[in-house]
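As structure tokens, the structure follows; a few thoughts come after it.
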Amino acid sequence: MNRHWEVLFDFARRPSSGTKREVQAALIALLLSLAFGSALMLVVGKSPATVWWAMLSRTATTPYVLGQVLYKATALVLTGLAVSVALDAGLFNIGGEAQLTAGVLACSVVGAALPASTPAIVALPICVLAAAAGGAAIGAAIGILRVTRQAHEVITSIMLNAIVAGMTLWIGNTVLFQGGTTRGPAIAPGAELSLLGLGGSPANAAVLLALAIVIVVWWLRARTTWGQAWLAVGRDVDAARSVGISVGRIQILVMTASGALAGLAATSFVLGHKHAFEEGLGRGMGFLGIAAALLGRAHPIGVGIASLVLAFLSTGGLAVSDLIPKELTEMLQGIVVLAIATAAPWVERNSEGAPA
Amino acid sequence: MIDTLLSLAFLAQVLRIAVPYAFAALGGSITERSGIIDLAIEAKLLFGAFAAAAVGHGTGSAVAGIAAGMLAGMAVAALQVLCSVWLGANQVIVGIALNLLALGGTRFLLQLIFHEGANSPPAPSYGDAVLGNPLIWGAVLASLLIPLAVMRTRWGLRLRAAGDRPDALLAVGVAPGRARMHAALVGGLLSGAGGAQLSLVVGGFSADMSSGRGYIALTMVILSGWRPALAVVGCLVVALSEAIRIQLAGAWIPHELAPQLPFMLTLVVLMIAGGKGRQPPAALGK
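Chain order of the listed sequences is E and H. Counting in the numbering used here, the first sequence runs from 1 upward without gaps. Counting in the numbering used here, the second sequence runs from 1 upward without gaps.
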């Protein structure tokens with residue numbers, strides 16, 4: 001076998017610490033996805049090297065594209081963290097779509113209800129809290145159904161995704177939409193977040209909120225007993241129960257917090273960019289958050305990096321739409337998730353004997 | 001109104017709407033009974049619909065389209081088995097990944113083969129035909145035979161054992177992974193047929209044309225307590241409510257909420273009865 005391949009496999013097989021394994025899994029998944037993407041580029045008759053280079057260089061040199069990546073990553077970090085904290089506690093929150101939509105609805109309705117003269121110092125926190133509360137309500141419902149009625153969270157999440165989408169459209173059509181548009185009333189000017197001014201892109205100050213949340217989640221997980229309790233529930237429910245952790249309560253709390261995180265992504269869309277409710281705002285970000293959480297190996301910093309990578313892949317695809325059809329990068333999202341789902345247990349198996 | 005609802009044409013409409021759901025629910029039941037969480041039904045429907053339309057367009061034969069749709073469903077199932085059974089990936093994640101892949105993948109193929117963004121060129125269409133549409137007959141036949149096969153044949157016994165007691169199956173010398181693979185492949189064929197009905201009734205594929213039907217079918221599987229015959233009955237009720245909605249165009253419920261009725265109903269059932277009443281296969285997802 002070629003020497004280079006041996007090195008690659010050695011790297012993948014060597015027993016290693018938990019963190020190292022997670023990084024390996026993520027890198028292998030990323031390489032696999034890039035390889036698949038390159039193969040697809042060959043299928044459409046383009047040289048992968050040219051396309052990848054164009055994607056990188058155009059993103060790096062065009063402020064507008066860079067801003068788009070940042071805008072997308074802002075939402076992705078939050079929906080990704082939502083999935084990731086639930087995974088920590090052994091729960092699979094795929095209701096990000098519903099939670100984000102509820103956040104968008106709550107944030108924009110509350111923002112529009114505020115008097116136009118409300119100062120930013122009052123309006124901003126209220127709108128941010130409303131976004132979190134909207135998502136939290138859906139998350140709590142999923143958690144409560146799971147704990148008290150033993151209804152699997154994946155099933156209830158799927159149903160709530162559909163129900164909330166329908167409900168929101170109905171509310172929009174009956175009360176919110178203004179004169180034939182699919183746009184609701186504008187929020188109070190005080191609640192608007194300022195743009196970062198990257199080439200007219202919608203990248204806005206919500207990115208700071210996302211950064212702060214990454215740090216808070218990291219701190220909660222690593223430095224507080226509450227974080228330890230939620231990680232313990234994820235590792236072994238019975239063990240957690242036997243040391244006196246109230247498992248049901250933790251599960252409901254984590255699902256509520258998870259929903260709140262997904263809801264917070266609404267701040268970037270509503271407060272930072274559209275300044276009103278719009279049909280379909282943020283759609284798809286909840287689902288893509290699953291990819292961010294998995295690729296980031298459910299670690300706050302990892303999720304942050306994964307969000308940037310995924311935002312680059314999907315926005316970069318638009319930047320090179322003259323070279324490849326944009327459907328190609330849409331397809332890559334599924335491939336990334338499939339690759340990480342397969343790479344993680346493979347790395348796990350091939351490093352047996354390592355400390356967990 | 002009563003006249004409309006009792007007419008033969010209305011009955012035919014209910015049947016036409018029910019076919020994709022019924023096929024998907026049967027395929028999902030088999031796959032889930034063997035121990036694989038079948039979140040990828042949506043992907044099987046979507047790829048099945050695309051393949052049926054593409055091959056139907058290319059050959060001019062609807063029957064060839066059906067065969068292609070079924071094979072496409074089976075191919076998705078094969079990928080699902082490869083990742084989740086043989087490579088040990090999490091079944092839920094694989095299902096979600098395949099659904100994402102189907103959404104982007106069918107659009108990519110649409111662009112690649114037909115240079116179209118949203119719709120395929122016309123394929124043969126069964127239209128309103130009931131007697132002339134083999135998929136409707138196939139669905140009726142499958143609804144009768146699949147539950148029997150699951151409960152009364154050796155193949156069915158093995159697939160149920162793979163889902164309930166894989167260790168027992170192993171003890172009698174059958175690899176649970178193989179039993180699961182066989183079940184999932186048959187399930188893929190069935191779901192793929194459901195996809196073929198979607199595109200061959202209207203005579204063409206359009207992006208995201210499965211629009212959540214796979215999830216509704218899965219909901220019916222769960223609501224039925226993993227009993228295929230009962231799941232088909234659930235699908236008939238879904239199709240009936242959908243047909244009534246088309247006839248009465250938003251008279252009794254806002255049109256935005258009507259498609260969500262099956263989900264709301266299931267959620268209410270879960271709230272009242274809880275998830276434990278309907279026992280899933282013991283080793284589902286393991």
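All residues carry an ideal CB built from backbone N, CA and C; glycine is no exception.
Beta-carbon spacing of LEU100 of chain H, GLY286 of chain E below 8 Å: Taking C-beta atoms as the reference points, LEU100 of chain H and GLY286 of chain E fail to come closer than 8 Å.
Counted within 10 angstroms of its Cβ, other Cβ atoms place ALA118 of chain H as buried (16 or more) or exposed: Exposed is the label assigned to ALA118 of chain H, since fewer than 16 other Cβ atoms lie within 10 Å of its Cβ.
Under 9 Å from the C-beta of MET159 of chain E: neighbouring residues of chain H: By Cβ distance, chain H contributes TYR215, THR219, GLN260, PRO262, PHE263, MET264, THR266, LEU267, LEU270.
Whole-Å CB distance - ALA89 of chain E paired with VAL233 of chain E, under 8 Å assumed: So it is a contact: roughly 5 Å between Cβ atoms.
Buried or exposed (CB count within 10 angstroms, at least 16 for buried), HIS273 of chain H: Per the sequence shown, the amino acid found at residue 273 of chain H is Ala instead of His. Per the 10 Å Cβ criterion, exposed.
Three-way DSSP call (helix, strand, coil) for GLY184 of chain E in this model: It is a strand residue.
Distance between LEU295 of chain E and PHE11 of chain E (C-alpha atoms, nearest Å): With a pLDDT of 41 at PHE11 of chain E, under the threshold of 50, the predicted position of this residue should be treated as unreliable, though the coordinate-derived value follows. Computed Cα separation, rounded: 19 Å.
Any C-beta of chain E under 8 Å from that of GLY225 of chain H: Nearest CB-CB separation between GLY225 of chain H and chain E: not below the 8 Å threshold.
Element boundaries [beta strand (DSSP E), containing ALA276 of chain E]: Run containing ALA276 of chain E: 276-278, per the beta strand (DSSP E) assignment.
Residue from H:GLY132, H:VAL94, H:ALA25 whose Cα sits closest to the Cα of GLY336 of chain E: A small fix is needed here, since residue 336 of chain E is Val in this sequence, not Gly. Among H:GLY132, H:VAL94, H:ALA25, the Cα nearest to that of VAL336 of chain E belongs to H:VAL94.
Proximity below 8 Å, CB of ALA49 of chain H to CB of ALA168 of chain H: For ALA49 of chain H and ALA168 of chain H, no; Cβs fall outside 8 Å.
Counterpart residues of LEU195 of chain E in DSSP-defined beta bridges: E:ASN204.
Amino acids of chain E, ordered along the chain, whose beta-carbon sits closer than 7 Å to that of GLN288 of chain H: Only positions 1 to 286 of chain H appear in this structure, which leaves residue 288 of chain H out of reach.
SER314 of chain E versus E:ILE142, E:THR182, E:ALA39, E:VAL65, residue with shortest Cα-Cα distance: If we check each option's Cα against that of SER314 of chain E, E:VAL65 comes out closest.
Contacts around VAL7 of chain E, its chain only, beta-carbon distance under 6 Å, and the 5 residues preceding and following it disregarded: In this prediction, VAL7 of chain E scores a pLDDT of 42, lower than 50, which makes its location untrustworthy; the coordinate-derived value is nonetheless stated afterwards. In its own chain, leaving out the 5 sequence neighbours on each side, no residue places its CB closer than 6 Å to the CB of VAL7 of chain E.
Buried versus exposed call for LEU318 of chain E [16 or more other C-beta atoms within 10 Å across all chains shown]: A residue is called buried when at least 16 other Cβ atoms come within 10 angstroms of its Cβ; LEU318 of chain E does not meet this threshold and is exposed.
Contacts that ASN133 of chain H makes with chain E (C-beta to C-beta distance below 8 Å): Under the 8 Å cutoff, chain E gives no residues; its nearest Cβ is about 28 Å from ASN133 of chain H.
Cβ separation of GLY65 of chain H and LEU200 of chain H, assumed to be a contact under 8 Å, to the nearest whole Å: Sure, about 6 Å apart at Cβ, within 8 Å.
Opening and closing residue of the alpha helix (DSSP H) in which ASP167 of chain H lies: In the DSSP annotation of this structure, the continuous segment of the alpha helix (DSSP H) that includes ASP167 of chain H starts and ends at 166-171.
Validate contact between the region 266-281 of chain E and the region 97-110 of chain E using beta carbons, cut 8 Å, 3 pairs: Verdict: yes, contact present.
For SER242 of chain E and THR74 of chain E, the rounded distance between their alpha carbons: Across the structure, THR74 of chain E and SER242 of chain E are spaced so that their CA atoms are roughly 39 Å apart.
Exposure of GLY197 of chain E, with buried meaning 16 or more beta-carbon neighbours within 10 Å: A residue is called buried once 16 or more other Cβ atoms fall within 10 Å of its Cβ, and GLY197 of chain E, having fewer, is exposed.
Contact list for PHE101 of chain H against chain E, beta-carbon separation under 9 Å: Going by the sequence as given, residue 101 of chain H is Leu instead of Phe. Within 9 Å Cβ-Cβ: MET331, GLN333, GLY334, ILE335, VAL337, LEU338.
Anticipated Cβ contact below 8 Å, ILE37 of chain H with GLY285 of chain H, distance rounded: Going by Cβ atoms, the distance from ILE37 of chain H to GLY285 of chain H rounds to 5 Å, so yes, they are a contact pair.
Run of the alpha helix (DSSP H) containing SER157 of chain E, from where it starts to where it stops: SER157 of chain E -> alpha helix (DSSP H) spans 153-171.
Residue from E:ILE324, E:ILE121, E:LEU211 with nearest C-alpha to GLY302 of chain E: Of E:ILE324, E:ILE121, E:LEU211, the residue nearest in Cα terms is E:LEU211.
Under 8 Å between C-beta atoms of MET41 of chain E and LEU257 of chain H: No, the pair does not count as a contact, with Cβ atoms beyond the cut-off.
Simplified DSSP assignment, three categories, for SER287 of chain H: Residue 287 of chain H cannot be examined here, being either before or after the span of chain H that is shown, 1 to 286.
Contact check, PHE10 of chain H vs ALA243 of chain H, beta carbons under 8 Å: Yes; because the gap between Cβ atoms is below 8 Å, this pair is in contact.
Cβ-Cβ distance between ASP164 of chain H and ALA25 of chain H below 8 Å: Note that the C-beta distance between ASP164 of chain H and ALA25 of chain H is not below 8 Å.
C-beta atoms of ILE30 of chain H and ILE216 of chain H nearer than 8 Å: No, they are not a contact pair.
Cβ pair THR59 of chain E, VAL69 of chain E closer than 8 Å: With contacts defined by Cβ atoms closer than 8 Å, THR59 of chain E and VAL69 of chain E form a contacting pair.
Euclidean distance between Cα positions of ALA51 of chain H and GLY188 of chain H: Each residue's Cα considered, the two are about 13 Å apart.
Reduced DSSP category for SER321 of chain E - H, G, I as helix; E, B as strand; rest coil: In this structure, DSSP gives SER321 of chain E a state outside helix and strand, which the three-state scheme calls coil.
Whole-Å CB distance - GLY143 of chain E paired with ILE252 of chain E, under 8 Å assumed: Going by Cβ atoms, the distance from GLY143 of chain E to ILE252 of chain E rounds to 4 Å, so yes, they are a contact pair.
Given ARG221 of chain E as reference, the closest of E:LYS20, E:VAL85, E:ASN350 once Cα atoms are compared: Per the C-alpha coordinates, the member of E:LYS20, E:VAL85, E:ASN350 positioned closest to ARG221 of chain E is E:VAL85.
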